[in-house]
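A short worksheet on the structure shown next.
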Amino acid sequence: MNNQKMYLSHVTRDIIDINDFTILVETANSDKVIQDTCFFDEPVIAVAFYGAGNVDLEFEYPTTSKHYNYTKGLALSFYSDEKVLCKHTVSKNNPLECVVIATATRHLNRLPNQEGELFSELLEQLVNPKDHYVEGPSFFMTPEMLKIVNDIFNMKYEGKARMMFFRSQITALLSHFFGQLAINRSKQIKTKDRTRLEEVKDILANNLNNPPSLTELSKAIGLNATKLKKEFKEVFGVPVFKYLQNERLITAHDLISNKEATVQEAAWHVGYDSLSSFSNAFANKFGYRPSQIR
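Its first residue numbered 0, the sequence shown is counted upward by one per residue in numbering that gives the first Met the number 0.
Structure below.
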């Protein structure tokens, strides 16, 4: 990130690389009204978290510009390429406190811990941008997020402890952001669709040994397959057939532990033809094999 500043009485700016993320932690204050500007050297997807200050924010790019007049406590996601100039207006009563977590778009496919999938699923418009700057979802932070941001700006550690602190806090901040984003999106799903999604759960629960295909489910509830997959995961937190697998294994566990079925019978009851596949899936979920249940 390249940057410039004018007439700042005080500015701190840390740029930290953690895995394939670049973290910018910036504070600025001034006795007079000034603009602090920056731009990215390559296309990025970023989330900016604004602390106690309340600066004006403008993204200026060849086709137009985008203004934000109230930033205190804001979590803002966006796509930006090299032609976008970001301007913060700082004044005596409106200091800058900002944490930006950015990743180059070329890094999305190699982000660890399924983070790339989260970006693609919840920030789709940023992964496939249609302009130099694209605004993604934004909301005012939860108390938990505000505390993390405040802790970052008041951190006193140095050296390796400082890097460990940043790594843990940035991971927590992103986790809260995506978690809250998923909650916000699920609330937007219409009541009629939520009823249909609940119906999908009932259909699967009643057909564990011979579940319908996604196409059959889609026809049964009157919701197209793409929307069914997307909204089911948003509401229940897992894909349709991951939910099915969980229900199968929980049911099998109950049958075996209550001595209502042998391991083989339980496997057949929930639709597993292969005993070894059933045993492996069971162990992955519960941490022990079905034969170990007493």
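Cβ coordinates follow ideal geometry from the N, Cα and C atoms, glycine included.
Could you check what DSSP says for residue i in three-state terms: helix, strand or coil?
{"i": "residue 134", "result": "strand"}
{"i": "residue 230", "result": "helix"}
{"i": "residue 91", "result": "coil"}
{"i": "residue 185", "result": "helix"}
{"i": "residue 157", "result": "coil"}
{"i": "residue 260", "result": "coil"}
{"i": "residue 242", "result": "helix"}
{"i": "residue 62", "result": "coil"}
If you drop the 5 nearest sequence neighbours on each side, which residues of the same chain put their C-beta closer than 8 Å to that of residue i?
{"i": "residue 83", "result": "38, 39, 58, 59, 60, 131 and 132"}
{"i": "residue 183", "result": "136 and 138"}
Leaving out five residues on either side along the sequence, give the residues of the same chain with a beta carbon under 7 Å from the beta carbon of residue i.
{"i": "residue 68", "result": "55"}
{"i": "residue 250", "result": "207 and 269"}
{"i": "residue 6", "result": "With a pLDDT of 48 at residue 6, under the threshold of 50, the modelled position of that residue is not reliable, and the figure given next carries that caveat. Hits under 7 Å: 29, 31 and 33."}
In the DSSP assignment, what are the bridge partners of residue i?
{"i": "residue 86", "result": "36 and 57"}
{"i": "residue 79", "result": "43 and 132"}
{"i": "residue 16", "result": "21"}
{"i": "residue 103", "result": "43"}
{"i": "residue 73", "result": "139"}
{"i": "residue 67", "result": "56"}
Residue i to residue j, Cα distance in whole Å?
{"i": "residue 125", "j": "residue 50", "result": "24 Å"}
{"i": "residue 53", "j": "residue 91", "result": "11 Å"}
{"i": "residue 4", "j": "residue 24", "result": "At residue 4, the pLDDT of 43 sits below 50, so the modelled position is not reliable; the number obtained from the coordinates is stated separately. Their Cα atoms are separated by approximately 15 Å."}
{"i": "residue 286", "j": "residue 204", "result": "23 Å"}
{"i": "residue 16", "j": "residue 238", "result": "32 Å"}
{"i": "residue 266", "j": "residue 273", "result": "8 Å"}
{"i": "residue 292", "j": "residue 255", "result": "7 Å"}
{"i": "residue 317", "j": "residue 279", "result": "Because the chain in this structure spans residues 0 to 293, residue 317 falls outside the shown range and cannot be described."}
{"i": "residue 134", "j": "residue 35", "result": "20 Å"}
{"i": "residue 225", "j": "residue 231", "result": "10 Å"}
{"i": "residue 19", "j": "residue 9", "result": "29 Å"}
{"i": "residue 107", "j": "residue 288", "result": "36 Å"}
{"i": "residue 48", "j": "residue 80", "result": "19 Å"}
{"i": "residue 2", "j": "residue 104", "result": "Residue placement at residue 2 cannot be trusted, given a pLDDT of 49 that sits under 50; the coordinates are not used to answer."}
Does the distance from the CB of residue i to the CB of residue j come in under 8 Å?
{"i": "residue 78", "j": "residue 44", "result": "yes"}
{"i": "residue 207", "j": "residue 269", "result": "yes"}
{"i": "residue 172", "j": "residue 199", "result": "no"}
{"i": "residue 151", "j": "residue 89", "result": "no"}
{"i": "residue 234", "j": "residue 185", "result": "yes"}
Could you pull out every residue in the same chain whose Cβ sits closer than 6 Å to the Cβ of residue i, ignoring the five residues on either side in sequence?
{"i": "residue 222", "result": "195"}
{"i": "residue 86", "result": "34, 36 and 57"}
Is residue i near the ligand MN - that is, is its Cβ less than 7 Å away from at least one heavy atom of it?
{"i": "residue 215", "result": "The model depicted lacks the ligand MN and carries no ligand whatsoever."}
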